[in-house]
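Only one structure is covered here, and it is reproduced in the block below.
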Amino acid sequence: MKILLIDGTIIGSKTGAVLEQVKIYIEQLNDELNLEIIKLADFNHQFVDGRPLGEYNDDMRRLVREFEEADGYVLATPIFQGSIPGVLKNAFDMLHPRTMRYKPVSIVANGGTFQHHLVIENQLKPILDYFRCLVTPNYVYTTSSHFGEGNVITDEDVHDRLRELARVFVQYVEMSKHLSKDTIDKP
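The sequence shown begins at 1 in the UniProt record's numbering and counts up one residue at a time.
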């Protein structure tokens, strides 16, 4: 199964460091999953304005294909100004509403204050609910106080929570294998 680990920003490196750690923990639990990290920073983004997919550049079409071909996702996002980055929302806006349907998703996020973890609850989860994703009930939120030099995670509690996130995600991946992705509400 192909699992996309998405670094949902075009700047900074703490979010990517958390994503790399999650990848290690998932691999320790299930080395048969095809884990692929993609960084939104590696794509030439265009603003989504409702035109047909074929009218966007190659990178935007490739991003959509990556999402469509994946069987699950780990989303990593920083929290900027009390919100998810516009580039991540723009990527979601490119996707057909059924792209992520009944596929497992776990969330890791990083922000400047402890209070910004609520952005996951108030903004990101409703978007994922719209896509009808299988969102794991646990997410991990970090702040700069959890990192040492070179963006190494130094907080053992964060490591424990990332291990737990990986464990639950792998179980959701197994569960999702047996769920039909077909829908009753055909277009």
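Backbone N, C-alpha and C define an ideal beta-carbon position, used for all residues, glycine too.
Nothing here was measured: the structure is a model prediction, and the numbers come from that model.
query	result
Three-state class that DSSP yields for Lys-103 in the structure shown	coil
Pick from Glu-164, Gln-115, Ile-107, Ile-79 that is closest to Cys-133, judged by C-alpha positions	Ile-107
Three or more C-beta pairs below 8 Å linking the segment 80-92 and the segment 49-57	no
Selected residue, minimal CA-CA separation from Glu-149, among Leu-5, Lys-2, Ser-13	Ser-13
C-beta atoms of Thr-77 and Ala-109 nearer than 9 Å	yes
Residue from Lys-2, Gly-16, Val-22, Val-18 with nearest C-alpha to Glu-32	Lys-2
Runs of alpha helix (DSSP H) lying entirely within the UniProt domain "NADPH-dependent FMN reductase-like" (1-142), each at least 4 residues, in chain order	14-29, 58-69, 86-94, 125-130
Assigned exposure category for Met-175 - 16 Cβ within 10 Å defines buried	exposed
Exposure of Phe-169, with buried meaning 16 or more beta-carbon neighbours within 10 Å	buried
Lys-39 versus Val-119: straight-line alpha-carbon distance, rounded	21 Å
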